[in-house]
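**Student:**
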Amino acid sequence: MKNDNHLEAMRHSLAHIMASAVLKLWPHAKFGVGPTIDNGFYYDIDLGETTISQEDFVNIEKEMKVIIKSDQPFILSEKSIDAAITWAKEAKQPYKEELLNDLKRAGTTKVKNIDSDELGIINSIESKLDKVTFYQNGDFIDLCRGPHLKSTGEVGAFKLTKIAGAYWRGKDSNPQMQRLYGVAFETEGELKDYLDNLEDAKNFDHRKLGQELDLFLISPLVGSGLPLFTPRGTVLRDELNKYSQELRKKIGYKNVWTPHIAKQKLYEMSGHWEKFGSEWLSVKSQESHDNLVLKPMNCPHHQQIYASKQRSYRDLPIKYMETTTDYRDEKAGELLGLSRVRSITQDDSHIFCTSEQIDRCLSDLVEVVREFYKTLDMDLEVRLSFRDETDKYLGEANLWTKAEKMIKDVVESKKLKYYIAKGDAAFYGPKIDFIAKDLQGRELQLATPQLDFVQPQRFGLKYTDENGQEQTPVMIHFALMGSIERFLAAYIEHTKGKFPVWLAPEQVRLITVNQEKQTLKFANEILNKAIGFDLRIEVDNSNQSVGKKIRESELYKVPYTVVIGEKEIKSGKIQPRIREDLTKSKKETNIGIEEFIKIVTDESKSKSLSSSL
RNA sequence: GCCGACGUAGCUCAGUGGCUAGAGCGGUGCUUUUGUAAAGCACGGGUCGUGGGUUCGAAUCCCUCCGUCGGCUCCA
């Protein structure tokens with residue numbers, strides 16, 4: 044039985060084989076790094092003036108197969124770092140030379156720290172390192188820690204998949220290389236399954252479902268990154284927002300309202316302008332003495348509401364919430380369906396509290412997150428986003444240390460599985476990020492409580508403590524969905540468009556068997572009986588076959604479809620057709636109208652995930 | 001913004017230098033009055049993303065811009 048290590052070695056070996064093939068086709072190629080990733084591998088390559096395009100894949104793959112067929116052994120050798128640097132110079136591999144120089148100097152080639160503990164281990168091993176290892180297959184020799192297979196003949200099934208630009212060492216000030224991606228598995232069968240699954244996943248892409256289910260659209264005339272929501276999509280937005288606010292109301296949040304434009308000065312004070320100002324949309328006024336911008340976030344506004352009165356420690360914590368749309372001039376290449384847009388509706392909120400209250404407040408927020416996502420049947424990863432050693436953060440170091448510890452303690456006391464991401468903090472403080480993944484495995488940051496010691500100070504926010512002394516409150520930023528748009532991207536894909544009854548844009552569809560007067564009259568009777576229950580019921584009285592109308596209802600993933608005709612009119616009872624995922628029983632239910640309305644209403648209110656019919 | 005791919009009817013797509021650019025679905029009209037996943041017939045519907053170029057001739061080849069997609073960078 045072959046194990047994960049073998050698969051890993053295989054993918055790694057394929058990266059080398061791909062590089063050897065590229066070197067054969069473009070002898071002047073310069074190589075960056077070539078690691079394994081989920082399901083495959085990539086290699087960063089710089090061809091100077093020329094570029095590789097997807098049409099070249101055939102030739103590269105052909106060359107790779109030649110290398111595989113000739114079954115070249117992977118030969119391990121060691122060099123001292125200095126000898127390795129000499130090699131890199133002679134081989135005209137400047138990127139490798141840079142890596143080796145870093146290894147010599149710092150003992151690591153890492154630029155971004157993902158996990159401090161992991162980095163610690165790497166550091167302790169590598170700082171003692173004075174030799175580096177190389178692997179050679181055929182004429183191709185590469186700096187590499189390994190491990191590799193015994194020989195090129197042992198690799199399984201692979202396919203080159205895509206090509207992308209990638210900045211050397213992930214810095215956009217560095218030259219951009221070309222990143223060649225491939226996927227690889229032990230067998231052709233597994234490779235095929237993987238590619239088929241990928242193809243299937245496309246059917247549940249939120250952009251596709253958004254169109255099919257008539258939820259939202261992006262009109263080129265309105266602009267990219269500016270989604271428009273149809274009546275159906277708006278139901279989802281409104282219902283989710285209602286729930287998001289309801290949960291926070293329970294822990295003391297009050298609604299506030301703020302306008303959508305503000306003076307640039309406001310953000311200069313908060314510290315946002317310096318960091319993000321270039322990505323904002325400015326607003327022109329007829330006689331403006333101040334620069335105005337479309338608001339890109341809401342915290343400074345809420346701070347001004349706090350600052351409008353003198354505050355006592357008795358008033359704290361003060362909690363404001365507001366679901367409102369912010370505007371950011373995201374770069375075109377960064378836009379992505381609903382998950383990255385220019386008009387971002389945040390279910391935003393801010394707590395102003397004393398430092399003693401932080402723990403309790405954070406703890407409440409974590410519970411709210413739990414409840415919300417449990418109701419929606421979504422599992423989220425927990426990431427603690429802390430600062431790194433760079434100087435992109437504001438505020439005193441000791442406050443940061445304190446804040447990070449508080450966050451970690453709360454998460455641990457809640458027994459949540461988490462990981463720490465150094466360098467992912469906001470500039471004003473550390474945060475807990477709850478993360479979902481889309482169908483293609485891309486991370487979507489949803490709920491996020493964030494601690495902030497910086498902004499209250501910059502705005503001079505105060506409260507008077509029990510000794511009559513002025514104190515600065517602490518802020519906790521919090522969004523439960525993050526943004527409604529991004530949340531919907533994750534949620535539509537999570538449910539594959541099969542929304543529970545309480546969220547379904549259309550909960551019940553009545554299908555008439557014929558266009559007789561008494562049939563439509565019966566449909567209206569049902570509608571009348573449902574008045575006051577706040578249900579979303581539609582009638583399909585079109586002149587089409589019953590089969591066709593059922594099909595349309597199914598395609599819209601309506602939870603309950605009810606056919607009405609002579610039989611129902613006579614008995615006064617209906618047989619709701621239940622959407623498949625909502626029920627286990629396939630039995631036919633004959634049910635009175637009032638009873639049916641009551642059940643659907645209960646399911647809406649309790650936010651249940653399955654039908655109780 | 002950068003690298004690569006793509007852009008034909010409302011939707012999904014066919015059409016790779018040569019007649020008036022096609023199909024299915026959807027839409028509209030008529031016929032039909034239907035019983036749990038697609039009734040029949042007819043009719044509409046296109047500046048082939050945009051602007052320019054090459055050519056006797058361009059949806060098709062080249063360039064510009066716009067937009068979409070896959071990555072990179074960024075993400076308050």
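So for the first sequence, my numbering puts the first residue at 44; every next one is plus one.
Cβ atoms here follow ideal geometry from the backbone N, Cα and C, with glycine treated the same way.
#1: Give the secondary structure of Leu482 by DSSP, where H, G and I count as helix, E and B as strand, and everything else as coil.
#2: Grouping DSSP H, G and I as helix and E and B as strand, with all else coil, what is Asn217?
#3: Under DSSP, the alpha helix (DSSP H) around Gly232 begins and ends at which residues?
#4: Considering Arg413, what are the terminal residues of the alpha helix (DSSP H) in which it resides?
#5: Once DSSP output is grouped into helix, strand and coil, what is the label at Glu424?
#6: Is Arg426 buried or exposed, if buried means 16 or more other CB atoms sit within 10 Å of its CB?
#7: How long is the line joining the alpha carbons of Val384 and Tyr310, rounded to whole angstroms?
#8: Assuming Phe117 and His49 form a contact by the criterion Cβ under 8 Å, report the distance between their Cβ atoms to the nearest whole angstrom.
#9: Spatial neighbours of Glu322 within its chain, please: C-beta separation below 6 Å, excluding the five flanking residues on both sides.
#10: Can you tell me which of the three DSSP states Leu652 falls into?
#11: Need the endpoints of the alpha helix (DSSP H) that Gly590 sits in, please.
#12: So the candidates are Lys539, Gly75 and Gly575; which of them puts its Cα closest to the Cα of Ala244?
#13: With DSSP as the reference, identify every bridge partner of Asn510, one or two as the case may be.
#14: With Glu536 as the anchor, note down where its beta strand (DSSP E) starts and where it stops.
#15: Hey, Thr515 and Gln498: beta-carbon distance below 8 Å or not?
#16: Could you tell me which of Gly181, Gln288, Pro270 and Met449 sits nearest to Ser386, measuring between CA atoms?
#17: Tell me whether Lys132 sits in a helix, a strand or coil according to DSSP, three-state version.
#18: Hey, Trp545 and Glu282 are a contact pair by Cβ (cut 8 Å); roughly how many whole angstroms apart?
#19: Buried or exposed for Trp300, please, with buried defined as at least 16 other CB atoms from any protein chain shown within 10 angstroms of its CB.
#20: Look at Leu578 and Leu381 and say whether their C-beta atoms are less than 8 Å apart.
#21: With the cut-off set at 8 Å, would you say Phe657 and Ser392 are in Cβ contact?
#22: Please list, in chain order, all residues of the same chain as Ile527 whose beta carbon is under 6 Å from its beta carbon, the five residues on each side excluded.
#23: Please tell me whether Pro339 and Asp358 are closer than 8 Å, where the distance is taken between their beta carbons.
#24: To the nearest angstrom, report how far apart Gln400 and Val412 are at their CA atoms.
#25: Considering only residues of the same chain and omitting the five flanking positions on each side of Leu234, which have a CB-CB separation below 6 Å?
#26: Within the same chain, show all residues whose beta-carbon is closer than 6 Å to that of His345, passing over the 5 residues directly before and after it, in chain order.
**Tutor:** The short version:
#1: Locating residue 482 in the first sequence gives position 439, counting from the first residue. Coil at Leu482, not helix or strand.
#2: Stepping through the first sequence from its first residue, residue 217 is reached at position 174. The answer is coil: DSSP assigns Asn217 none of H, G, I, E or B.
#3: Position 189 of the first sequence, counted from the first residue, corresponds to residue 232. Glu231 to Ala244 is the extent of the alpha helix (DSSP H) around Gly232.
#4: Taking the first sequence and counting its residues from 1, one reaches residue 413 at position 370. Note, Arg413: alpha helix (DSSP H), Ile401 to Thr418.
#5: Locating residue 424 in the first sequence gives position 381, where the first residue counts as 1. Looking at Glu424 - three-state DSSP - the assignment turns out to be strand.
#6: Residue 426 sits at position 383 when you count from the first residue of the first sequence. Its Cβ being crowded by 16 or more others within 10 Å, Arg426 is buried.
#7: Taking the first sequence and counting its residues from 1, one reaches residue 384 at position 341. Taking the first sequence and counting its residues from 1, one reaches residue 310 at position 267. So the alpha carbons of these two residues sit roughly 21 Å apart.
#8: As a position in the first sequence, residue 117 is number 74, starting the count at 1. As a position in the first sequence, residue 49 is number 6, starting the count at 1. Between His49 and Phe117 the Cβ distance is about 14 Å, and since that is not below 8 Å, they are no contact.
#9: On the first sequence, residue 322 is found 279 positions in, with the first residue counted as 1. Taken in chain order, the residues that qualify are Arg371 and Asp372.
#10: Numbered from 1 along the first sequence, position 609 holds the residue referred to as residue 652. Three-state result, Leu652: coil.
#11: To locate residue 590, count along the first sequence from 1; it is residue 547. Its alpha helix (DSSP H) spans residues Val589 to Leu598.
#12: For the purposes of this step, residue 244 is taken as the residue at position 201 of the first sequence. That would be Lys539, whose Cα lies nearest to the Cα of Ala244.
#13: The count along the first sequence starts at 1 and reaches residue 510 at position 467. None, per the DSSP bridge assignment.
#14: Here residue 536 refers to the residue found at position 493 of the first sequence. Note, Glu536: premise wrong, no beta strand (DSSP E); alpha helix (DSSP H) at Ile527 to Thr538.
#15: Within the first sequence, residue 515 is the residue found at index 472, counting from 1. Within the first sequence, residue 498 is the residue found at index 455, counting from 1. No, Cβ-Cβ distance for Thr515 and Gln498 is not below 8 Å.
#16: Position 343 of the first sequence, counting from 1, holds the residue named residue 386. That would be Pro270, whose Cα lies nearest to the Cα of Ser386.
#17: Here residue 132 corresponds to residue number 89 of the first sequence, with the count starting at 1. Helix.
#18: Working through the first sequence from its first residue, we reach residue 545 at position 502. Working through the first sequence from its first residue, we reach residue 282 at position 239. Sure, about 7 Å apart at Cβ, within 8 Å.
#19: On the first sequence, residue 300 is found 257 positions in, with the first residue counted as 1. Exposed.
#20: Walking along the first sequence from the start, residue 578 turns up at place 535. Walking along the first sequence from the start, residue 381 turns up at place 338. It is not a contact, given that the beta carbons lie outside the stated cut-off.
#21: Here the chain has residues from 44 to 656 only, and residue 657 is not among them.
#22: For the purposes of this step, residue 527 is identified with residue 484 of the first sequence, where counting begins at 1. Arg280 and Thr388.
#23: On the first sequence, residue 339 is found 296 positions in, with the first residue counted as 1. On the first sequence, residue 358 is found 315 positions in, with the first residue counted as 1. No, they are not a contact pair.
#24: Position 357 of the first sequence, counted from the start, is the residue given in the question as residue 400. Position 369 of the first sequence, counted from the start, is the residue given in the question as residue 412. Spanning the alpha carbons of Gln400 and Val412 requires a straight line of approximately 19 Å.
#25: Within the first sequence, residue 234 is the residue found at index 191, counting from 1. Taken in chain order, the residues that qualify are Ala200 and Phe228.
#26: For the purposes of this step, residue 345 is taken as the residue at position 302 of the first sequence. Within the same chain, and ignoring the five residues on either side of His345 in sequence, the residues whose Cβ sits closer than 6 Å to its Cβ are Tyr363 and His393.
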